[in-house]
Amino acid sequence: QVQLVESGGGLVQPGGSLRLSCAASTSIFFRINVMGWYRQAPGKERELVAAFTSGGTTTYADSAKGRFTISRDSAKNTVYLQMNDLKPEDTAVYYCNAFVYKAYWGQGTQVTVSS
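This is how it looks when you write it as C-alpha cells:
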C-alpha cells in the first residue's frame, strides 16, 4: 500500500555532505506521519538514524546529532536526510522507513565515506 523510493546516496570523502531523499507513494493514505531513516553497515544490525515521530517531533541517533538533519515535505510525503561532516563509520546502506499500521521499507541506498 506504500512504496518508498530513496535517492541521493553515493561516494563521498570524509568531511563531505550528502542529501538523501525518500518519496512515499500511496493510493490509500493521504498523509504519512511516521517516516524516517535507518542504516545498516556490513555485519551490523539495522539502526535508527533519524525519524519523525507520531507526535510530529524528531528523534536522532546519538551518532547523528549535530551532523544530520531530517526534514520533510508533508504535502509530498517526502523526507530528506541532510548529512554533513560525514565519517567513514557512516558508511552503510540507508533505508527509508514509513509506518502506517505496519512498517514499510525502501530498497536502500548505499552511502560510502572514504578517501
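Numbering-wise (the numbering used here), the sequence shown opens with residue -1 and increments by one. All C-beta atoms, glycine included, are put in the ideal place defined by N, C-alpha and C.
Rounded to a whole number of angstroms, what is the C-alpha to C-alpha distance between residue i and residue j?
i      : j       : result
ASN95  : GLY14   : 24 Å
ARG17  : ILE68   : 10 Å
GLY7   : GLN(-1) : 25 Å
VAL98  : GLY34   : 12 Å
VAL109 : GLN80   : 12 Å
ASP88  : THR56   : 20 Å
GLU43  : TYR102  : 17 Å
PHE50  : ASP60   : 15 Å
Take residue i and list the residues in its own chain whose beta-carbon comes closer than 7 Å to its own, dropping the five residues that flank it on each side.
i      : result
GLY104 : LEU2, VAL3, GLU4, CYS20, TYR93 and CYS94
SER52  : ASN31 and VAL32
SER23  : GLN1
PRO12  : LEU84, LYS85, PRO86, VAL111 and SER113
ALA90  : ARG37, GLN38, ALA39 and VAL109
SER72  : ARG29
Report back the beta-carbon spacing between residue i and residue j to the nearest angstrom; my notes put them in contact at under 8 Å.
i     : j     : result
ASN82 : ARG70 : ASN82 to ARG70, Cβ: 18 Å. No contact.
ALA48 : ALA39 : No, ALA48 and ALA39 are not in contact; Cβ-Cβ is about 16 Å, not under 8 Å.
Short of 6 Å in beta carbon distance, which residues of its chain neighbour residue i, apart from the five on each side in sequence? Order them along the chain.
i      : result
ASN75  : ALA22 and ILE30
LEU84  : VAL10, GLY14 and VAL111
PHE28  : none
GLY106 : VAL91 and TYR93
VAL77  : CYS20, MET33 and ARG70
Find out if the Cβ-Cβ distance for the pair residue i, residue j is shorter than 8 Å.
i     : j     : result
GLU45 : TYR58 : no
Run through the region 4 to 78 for me and flag every whole beta strand (DSSP E) of 3 or more residues, listed as ranges in chain order. Entirely contained in the region 4 to 78, the beta strand (DSSP E) runs reaching 3 residues are, in chain order, 8 to 10, 16 to 24, 32 to 38, 45 to 50, 56 to 58 and 66 to 71.
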